[in-house]
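Each residue of the sequence shown is one higher than the last, beginning at 0 in the numbering used here.
This report refers to the structure that appears directly beneath it.
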Amino acid sequence: MSEPRTPLGVALIGVGGIAASHLAALRSTDEARLVGVTDLALGLAAQVADREGCAVYPDVDALLAAPEVEAVIVCTPNITHEELGHRVLDAGRHLLMEKPLAMTVEGAAGLEAHAERAGKVLAVGHSHRFSDQSLAVRSAIDSGGIGRPNYVRITMNGGWIWPGWDAWVLDPARSGGHSLHNGVHLTDLAAWWMGEPATSVYAAGQHATSAALQIHDYLVIQLGFASGASAICEVSRAERPRTGSFLELVVAGDAGLIERTWDADGLLAWTETGLTTWPVPGGSARTFVREIESFANAARGIGSVVPPTRDAVAAVEVAEASEASLRTGRTVLVGGAR
């Protein structure tokens, strides 16, 4: 009988917003444990530390100097990711960066290279790869039931989630725009299911909530692939009511079709063997737990980094291209096609 593994000591930089999902995941796994937090709002960090039973550090330098910190999750605004990522890697800690990896493809590639030089794990929080439905789709594709995928459509529409009009996400200089902040979830899934990186990007958007917005809170991104396949990614944060959400998935192959048109239906697959169904829940109860466990295993050297860091860099490149397409109204080539 094997000895139980010591949980990976994980600290959080930033305790607002998405940090709540990581904190809940850390409470729900034996593979990692929360050892400390810090935030520019130190009072808030102290409250979180008191509730979670961990240390609170006065700043990033103090957190990175703590010997019990083996790995760090960065949950701060997108504009800070590149600088903080290099500091974490310089300190010899494994890094789970909330998506996106960086604001530019050059910045993302620089972090990838730094992690390789440092011999540290660099994972990026493309959490949808760990959801029940996304894993079920990937499993169905891998089984060969629909043949080679040639078309993907993903629609993830929901209501306003930002705290107010002054939220950093609504400032493209700090967030990179909707393509980078939320669109990366969909474009990463599309490329993962397709099994190849995108080679062209075209985007159209709307300022649906208000013309005063600086970002497009409704966005459609069209991806082209070298194989001739295509994908449509539709993402909105402008729906009414604010608590509403809608998810639709279609993955068509040369031998069958997978679709999810309503949450209650689960996933449906039409193949040569007939109709197959999966009663897959639409919620994300296990999503972040799977993510942190995958990260912990990769940090121990007993698992792969998911997604591969190269895919996270590609997602930033696609997002950059999407924002450029929004500005110019033209298709933008990416990857080897650029």
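Positions of the beta carbon are idealized from the N, C-alpha and C atoms, including for glycine.
What does the alpha-carbon distance come out to for the pair residue i and residue j?
| i | j | result |
| --- | --- | --- |
| L7 | H125 | 20 angstroms |
| K341 | A23 | Because residue 341 is not part of the residues shown, which for the chain are 0 to 337, the question remains open. |
| S303 | A297 | 5 angstroms |
| L267 | I257 | 6 angstroms |
| P307 | C53 | 30 angstroms |
| I231 | R4 | 42 angstroms |
| V71 | I12 | 7 angstroms |
| M0 | R285 | Low per-residue confidence applies at M0: pLDDT is 46, beneath 50, and the placement is therefore not dependable, though the value from the model is reported in the following sentence. Looking at the two C-alpha atoms, the distance is approximately 27 angstroms. |
| D253 | G143 | 10 angstroms |
| D49 | R32 | 15 angstroms |
| E233 | A190 | 14 angstroms |
| S324 | S20 | 32 angstroms |
| T79 | G182 | 19 angstroms |
| T207 | Y56 | Residue 207 is actually Ala in this sequence, not Thr. Computed Cα separation, rounded: 41 angstroms. |
| G194 | S293 | 20 angstroms |
| V36 | A44 | 6 angstroms |
| P162 | L62 | 28 angstroms |
| W192 | G42 | 43 angstroms |
| R326 | E319 | 11 angstroms |
| A122 | S133 | 18 angstroms |
| H177 | V47 | 29 angstroms |
| W159 | R241 | 5 angstroms |
| M102 | I140 | 31 angstroms |
| I145 | L246 | 21 angstroms |
| E30 | C74 | 20 angstroms |
| R309 | E111 | 7 angstroms |
| G255 | W269 | 5 angstroms |
| A210 | R239 | 17 angstroms |
| E322 | H127 | 22 angstroms |
| G328 | A237 | 22 angstroms |
| W164 | D38 | 22 angstroms |
Can you tell me which residues form a DSSP beta bridge with residue i?
| i | result |
| --- | --- |
| T154 | E233, E247 |
| F224 | A197 |
| A122 | L95 |
| Q205 | Y217 |
| A70 | V9, H93 |
| I257 | V250, A268 |
| V55 | V36 |
| E238 | G158 |
| V331 | V200 |
| P148 | G252 |
So residue i is in the beta strand (DSSP E); what residue range does that whole segment cover?
| i | result |
| --- | --- |
| L33 | 31 to 37 |
| L100 | Taken as a continuous stretch (DSSP letters only), L100 belongs to no beta strand (DSSP E), as it is neither H nor E. |
Start and end of the alpha helix (DSSP H) containing residue i?
| i | result |
| --- | --- |
| G109 | 104 to 117 |
| G47 | Strictly speaking, residue 47 in this sequence is Val, with Gly absent from that position. Element bounds for V47: 41 to 51. |
| P171 | 171 to 174 |
| H127 | Where H127 is concerned, there is no enclosing alpha helix (DSSP H), given that its DSSP letter is neither H nor E. |
| H180 | Neither: H180 is in no alpha helix (DSSP H) and is coded neither H nor E. |
| N296 | 286 to 299 |
| A23 | 18 to 26 |
So, under 8 angstroms CB-CB, residue i and residue j are touching, yes? Tell me the CB distance rounded to an integer number of Å.
| i | j | result |
| --- | --- | --- |
| V200 | I220 | 6 angstroms |
| A202 | G334 | Not confirmed; about 16 angstroms, so no contact. |
| R147 | N77 | Their Cβ separation, rounded to whole angstroms, is 35 angstroms, which puts R147 and N77 out of contact at 8 angstroms. |
| L88 | A117 | 5 angstroms |
| N156 | S235 | 4 angstroms |
| L100 | V317 | Rounded, the Cβ-Cβ distance is 12 angstroms, inconsistent with contact. |
| I291 | L25 | 6 angstroms |
Does residue i get closer than 7 angstroms to chain C when you measure Cβ to Cβ?
| i | result |
| --- | --- |
| S226 | Chain labels in this structure do not include chain C; a single protein chain is all it has. |
Looking at residue i and the ligand MN, is the gap between the Cβ and the nearest heavy atom below 6 angstroms?
| i | result |
| --- | --- |
| D187 | You won't find the ligand MN in this model; it holds no ligand whatsoever. |
At least 3 beta-carbon pairs within less than 8 angstroms: the segment 158 to 171 vs the segment 201 to 220: In this structure the segment 158 to 171 lies against the segment 201 to 220, because at least three pairs of beta carbons, one per stretch, are closer than 8 angstroms.
Answer yes if the segment 148 to 163 comes into contact with the segment 221 to 241, meaning at least three C-beta pairs across the two stretches below 8 angstroms, and no otherwise. As far as the Cβ criterion goes, the segment 221 to 241 touches the segment 148 to 163, which means the pair count is three or higher.
TODO: Count the C-beta pairs between the segment 58 to 71 and the segment 105 to 116 that are closer than 8 angstroms, then say yes if the count reaches three, no if not.
DONE: With a cut-off of 8 angstroms on Cβ pairs, the segment 58 to 71 is not in contact with the segment 105 to 116, counting fewer than three such pairs.
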